[in-house]
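Chains A and B supply the protein sequences, listed in that same order. Here the first sequence is numbered in this note's numbering, starting from 182 and rising by one per residue. Here the second sequence is numbered in this note's numbering, starting from 182 and rising by one per residue.
2 protein chains.
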Amino acid sequence: MNRLVIIGSVALDDIDGPAGRRESILGGSATYACYAASFFARPELVACIGKDFPAKARKVLEERPIDLAGLATLDGPTFRWSGRYAPAFASRETLALDLGVFGGFRPSLGKPLPPGSILFLGNIDPDLQLAVLDQAGPDAYVAADTIDHWIRGKRDALVEGLKRTHLIFLNDEEARLLTGEDNLIKAGAALRAMGPREAVIKKGEHGALLFTSAGLAAIPALPLESVNDPTGAGDSFAGAMLGFLAASPDRDDATLRAALARATVIASFTVADFGVQRLRKLKEEEIEERLAHLRGLVRF
Amino acid sequence: MNRLVIIGSVALDDIDGPAGRRESILGGSATYACYAASFFARPELVACIGKDFPAKARKVLEERPIDLAGLATLDGPTFRWSGRYAPAFASRETLALDLGVFGGFRPSLGKPLPPGSILFLGNIDPDLQLAVLDQAGPDAYVAADTIDHWIRGKRDALVEGLKRTHLIFLNDEEARLLTGEDNLIKAGAALRAMGPREAVIKKGEHGALLFTSAGLAAIPALPLESVNDPTGAGDSFAGAMLGFLAASPDRDDATLRAALARATVIASFTVADFGVQRLRKLKEEEIEERLAHLRGLVRF
Chain A
182 MNRLVIIGSV
192 ALDDIDGPAG
202 RRESILGGSA
212 TYACYAASFF
222 ARPELVACIG
232 KDFPAKARKV
242 LEERPIDLAG
252 LATLDGPTFR
262 WSGRYAPAFA
272 SRETLALDLG
282 VFGGFRPSLG
292 KPLPPGSILF
302 LGNIDPDLQL
312 AVLDQAGPDA
322 YVAADTIDHW
332 IRGKRDALVE
342 GLKRTHLIFL
352 NDEEARLLTG
362 EDNLIKAGAA
372 LRAMGPREAV
382 IKKGEHGALL
392 FTSAGLAAIP
402 ALPLESVNDP
412 TGAGDSFAGA
422 MLGFLAASPD
432 RDDATLRAAL
442 ARATVIASFT
452 VADFGVQRLR
462 KLKEEEIEER
472 LAHLRGLVRF
Chain B
182 MNRLVIIGSV
192 ALDDIDGPAG
202 RRESILGGSA
212 TYACYAASFF
222 ARPELVACIG
232 KDFPAKARKV
242 LEERPIDLAG
252 LATLDGPTFR
262 WSGRYAPAFA
272 SRETLALDLG
282 VFGGFRPSLG
292 KPLPPGSILF
302 LGNIDPDLQL
312 AVLDQAGPDA
322 YVAADTIDHW
332 IRGKRDALVE
342 GLKRTHLIFL
352 NDEEARLLTG
362 EDNLIKAGAA
372 LRAMGPREAV
382 IKKGEHGALL
392 FTSAGLAAIP
402 ALPLESVNDP
412 TGAGDSFAGA
422 MLGFLAASPD
432 RDDATLRAAL
442 ARATVIASFT
452 VADFGVQRLR
462 KLKEEEIEER
472 LAHLRGLVRF
């Protein structure tokens, strides 16, 4: 088992959408990524919360094999996000955003990561990602996620970070925006030309593409008749993929594909309930069942 | 080998788009479907052309094992369609449409089709599809295609025809429009509830979904770095699927999945050049190669 260090946000979310409304539920990119990774590995969470962080929310984090030593409690309020989904989850609107202590977050790794380690740079300011890369040293396998906000606003830092990234996660629109390529196959190649040895382009209900030195993998999404909260789908996708990789001796094409399938499966559970509610109840055998289902989908 | 009867249009197309312009090239839904089917079976074309139909275009039809006995030459001009594709083939605009002899087309099957036969009702007026169904008798396996124009304008006849259809082909937007379901998994179930035992929902670059009594198959599209003319992609998809089915002793889930893979492969060749140009040059071993590629895409 290799080390897996996950950097990102731990937040309290208000979520409103077709399936109802929830207030102050545990969220944040690092929360979802750690929760998802914990089904395969023991991720180390590097994030910060405020003194107002509810004991109940912390207990939810403690339920899983997640190393919380890097979760700093700082003076000030916890990161809060409030969002609303349109009917049929067609779009998402941010109603309010209060960075709280996350606004001054300066992640610290302590010391460089040993060979074999995986570092996940969740969706944070690309300048912060660069600062973490400097701390991580040259031996870690670096995975990163970002959003359109940073692609538009901090492109240079992002591009600099990509040169030191091994695996980049983007959704289709982000990949098009970053590369200028409309065709996703060309976008995948362009991403790899920017540095990452591997690129994942997530297409929501249409599945995901994985670009490696060995070629292309295309895995469909699992059919979901009932989505209740898509928040964190991408973060848990990345977390599950990296958790599986951390637990694997190899990072070759076959292992990356196997990890992609686990990512697809875990994300399909995430969206079934608000926050990490579904993942809290998730059993090993349910993961295996859904993997078998995924295999059945693409059999011909 | 079972009989495969394909009903639709044979046309002369003017096509303008990112890859250039071609005038008066052989097109039409039945042309594409027959060409694609001919790699697996010997389809019988039931369509009409005008006296102006160029000998050169007829020779292109004669190149493949297609039974042209049902291709009627009528007094008047051949169906002509003129269309333009937007940059990156993002959308298509019809510039001119002259039905010509196709406006008075009353397809005739001669006599009912024997058990095991497959009848493909290409995209024509649903009332005409019903008239053909009456001629076909109760023993044929009926596949049908349609477009948004008929879903909006002749919904009742379409729904009536569906009750007598075994396999329906629609793209994602058409499936949503016909069923009122935004979620494609629900749309697939709704389509099957309307009559067809099997439904295929085509998602373009995102592949296709197949709904059967045994469950769901999701096959990705082949990655296409170079598309030159998407005209006829859907028709050749359907033609290839039905050609493979006509050549198969079974129509069970495994056979339908195998047929879906062939459909994906043939359509990927169709769009590589204008009209049926790429299919004219297509070799057996290229089909096998691309099938292997498709298998590689979904391996995990």
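All C-beta atoms in this analysis are idealised placements derived from N, C-alpha and C, irrespective of residue type, glycine included.
Quick one: measure Cβ to Cβ for residue i and residue j, integer angstroms, because I've assumed they're closer than 8 Å.
{"i": "A:A398", "j": "A:L391", "result": "4 Å"}
{"i": "B:F481", "j": "B:F221", "result": "About 28 Å; that fails the 8 Å criterion."}
{"i": "A:D194", "j": "A:W262", "result": "5 Å"}
{"i": "A:L358", "j": "A:D326", "result": "So it is not a contact: roughly 14 Å between Cβ atoms."}
{"i": "A:A338", "j": "A:P307", "result": "4 Å"}
{"i": "A:E225", "j": "A:D248", "result": "4 Å"}
{"i": "A:G264", "j": "A:T275", "result": "5 Å"}
{"i": "A:P246", "j": "A:S219", "result": "5 Å"}
{"i": "A:L207", "j": "A:V457", "result": "6 Å"}
{"i": "B:A217", "j": "B:I188", "result": "Not a contact, Cβ separation roughly 15 Å."}
{"i": "A:M182", "j": "A:A428", "result": "6 Å"}
Quick check: residue i and residue j, are their CB atoms within less than 8 Å of each other?
{"i": "A:A486", "j": "A:F260", "result": "The question about residue 486 of chain A has no answer, for chain A in this structure spans 182 to 481."}
{"i": "B:V227", "j": "B:G209", "result": "no"}
{"i": "B:I400", "j": "B:D353", "result": "no"}
{"i": "B:L314", "j": "B:V186", "result": "no"}
{"i": "A:H347", "j": "A:R378", "result": "yes"}
{"i": "B:A442", "j": "B:L475", "result": "yes"}
{"i": "B:R432", "j": "B:P295", "result": "no"}
{"i": "B:F455", "j": "B:D410", "result": "yes"}
{"i": "B:A402", "j": "B:G388", "result": "yes"}
{"i": "A:A453", "j": "B:D363", "result": "no"}
{"i": "A:Y266", "j": "A:T451", "result": "no"}
{"i": "B:P288", "j": "B:L309", "result": "yes"}
{"i": "B:A380", "j": "B:G396", "result": "no"}
{"i": "A:G376", "j": "A:K344", "result": "yes"}
{"i": "B:F286", "j": "B:C215", "result": "no"}
For residue i, decide whether its Cβ has a neighbour in chain B, counting only Cβ atoms nearer than 8 Å.
{"i": "A:A442", "result": "yes"}
{"i": "A:A356", "result": "no"}
{"i": "A:I349", "result": "no"}
{"i": "A:G388", "result": "yes"}
{"i": "A:I366", "result": "yes"}
Check whether the Cβ of residue i lies closer than 8 Å to any Cβ atom in chain A.
{"i": "B:P404", "result": "yes"}
{"i": "B:K384", "result": "yes"}
{"i": "B:P401", "result": "yes"}
Interface residues of chain A around residue i at Cβ under 7 Å?
{"i": "B:L397", "result": "P404 and L478"}
Whose Cβ in chain B lies nearer than 9 Å to the Cβ of residue i?
{"i": "A:D197", "result": "Chain B residues near A:D197: none, gap ~19 Å exceeds 9 Å."}
For residue i, which residues in chain B fall below 7 Å Cβ to Cβ?
{"i": "A:D363", "result": "A269"}
List the residues of chain A whose Cβ lies closer than 9 Å to the Cβ of residue i, in chain order.
{"i": "B:I468", "result": "Ordered by position in chain A, no residue passes the 9 Å Cβ test against B:I468, which lies about 14 Å from the chain."}
What does residue i touch in chain B if you count any residue whose Cβ is under 8 Å from its own?
{"i": "A:A439", "result": "F481"}
Is the CB of residue i under 8 Å away from at least one CB in chain E?
{"i": "A:L348", "result": "As a matter of chain content, chain E is missing from the structure shown, whose protein chains are A and B."}
* Decide yes or no for the touch test of the segment 286-303 of chain B against the segment 406-423 of chain B: beta carbon pairs closer than 8 Å, at least 3 of them. => yes
* Asked: How about the segment 435-444 of chain B and the segment 232-242 of chain B: do they share at least three Cβ pairs that are nearer than 8 Å?
  -> no
* To do: Decide if the segment 202-217 of chain B is in contact with the segment 460-470 of chain A; the criterion is three or more beta carbon pairs, one per stretch, under 8 Å apart.
  => By the criterion of at least three beta-carbon pairs nearer than 8 Å, the segment 202-217 of chain B is not in contact with the segment 460-470 of chain A.
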